[in-house]
Amino acid sequence: MIRVLLADDHAIVRDGLRRILAADTGFEVAGEAANGDEALALVRANDYHVAVLDMSMPGLSGIDLVKRLKLEKPKLRLLVLSMHGEQQYAARALKAGASGYLNKDSAAGQLLGALRKVAAGGVHVSDAAAASLVAGAGGAPHEALSDREFEVLRLLAQGLSPTEIGERLHLSVKTVSTHKTRVLEKLGLGGTAELVRYALEQKLL
């Protein structure tokens, strides 16, 4: 029996995932979290085989959450489930310690297959994401950003203010502003409006 932790801030998504897993006798949903901090607390207190993580949740999330969970439980297998395209995010998630990346548009059968593969010690990404990983992810300008800069880019593009980003990532407003400046410089952008346009063109939203 594969013990699974579900971490997603939408109750309806967790309910759907729970129903999919309940239909397969090989899985047990042994814990649920509505945000990254809850997921971290549950992982510290319990043992799971695989954690299914939403990429964007309140509090600790994304690449930071993947790194923290692997630090707490190195043997825990992580499957990132996200609305974001695999070609944009899979490489960073895998480098941070995830064992798989699956788009939320995927069918139930793909989810079960990915969970089995990850639980058995394998790595799951789509064929398109794998091809882009082999090719160096296409060399887009944002590939040169650090993980922290990439998170700041993503949150700025979503319309969050530096203060809100600071609260989300546990950073000072000054640090967020410094990251924003570096992002604009590295991408050759003139301001927030151009940054949002870039994120849309690169399908980062």
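Position 138 of the sequence shown, counted from 1, bears residue number 173 in our numbering, the numbering being contiguous throughout.
Even glycine gets a Cβ: it sits at the ideal position worked out from N, Cα and C.
Would you report the Cα separation of residue i and residue j, rounded to the nearest angstrom?
i, j, result
"ALA143", "LEU88", "16 Å"
"LEU219", "ARG54", "43 Å"
"LEU188", "ALA125", "16 Å"
"VAL211", "LYS152", "37 Å"
"GLU178", "TYR233", "13 Å"
"TYR83", "LYS108", "9 Å"
"VAL231", "GLY148", "35 Å"
"THR227", "SER91", "20 Å"
"THR216", "VAL160", "32 Å"
"LEU41", "GLY225", "40 Å"
"LYS221", "SER196", "20 Å"
"ALA80", "GLU236", "42 Å"
"LEU150", "ARG127", "19 Å"
"GLY194", "HIS45", "20 Å"
Pick out whichever of the options has its Cα sitting closest to the Cα of residue i.
i, options, result
"ILE37", "GLU63, ASP59, ASP50, LEU56", "GLU63"
"PRO93", "LEU106, ASN70, LYS105", "ASN70"
"GLU184", "HIS119, ASP99, VAL115", "ASP99"
"LYS26", "GLY148, ARG127, ALA155, MET118", "Residue 26 is absent from the model: the chain starts at 36 and stops at 240."
"ALA155", "SER141, HIS45, GLY61", "GLY61"
Looking only at its own chain, which residues have a Cβ that is under 8 Å from the Cβ of residue i, when we skip the five neighbours before and after it?
i, result
"LEU223", "One point to set straight first is that residue 223 is Gly, not Leu, in the sequence displayed. Contacts found: PRO176."
"LYS105", "LEU111, LEU113, ALA131, GLY132"
"ALA65", "ARG38, VAL39, LEU40, ASN81, TYR83"
When the distance is taken between beta carbons, is residue j closer than 9 Å to residue i?
i, j, result
"LEU137", "LEU129", "no"
"VAL78", "LEU56", "no"
"ALA76", "ALA86", "no"
"SER134", "GLY97", "no"
"LEU116", "ASP43", "yes"
"LEU180", "LEU190", "no"
Leaving aside the five residues before and after residue i along the sequence, list all residues of the same chain whose C-beta is less than 7 Å from its C-beta, in chain order.
i, result
"HIS252", "Beyond the ends of the chain as shown, which are 36 and 240, falls residue 252; an answer cannot be given."
"LEU207", "Sequence inspection shows Ser at residue 207; the Leu mentioned does not correspond to that position. Closer than 7 Å at the Cβ level, and outside the excluded window around SER207, lie GLY201."
"ALA192", "LEU230, VAL231, ALA234, LEU239, LEU240"
"LYS102", "ALA131, GLY132"
"LEU95", "GLY71, ASP72, LEU75, ARG103"
Any chance the CB of residue i is under 8 Å from a heavy atom of the ligand MN?
i, result
"HIS214", "Ligands in the displayed structure: none, and consequently the ligand MN is not present."
Going by beta carbon distance, what residues of the same chain come within less than 6 Å of residue i, once the five residues before and after it are set aside?
i, result
"THR198", "VAL208"
> Would the segment 43-56 and the segment 68-87 be scored as touching if the rule is three or more Cβ pairs under 8 Å?
Replying inline: Counting Cβ pairs under 8 Å, three or more are found: they touch.
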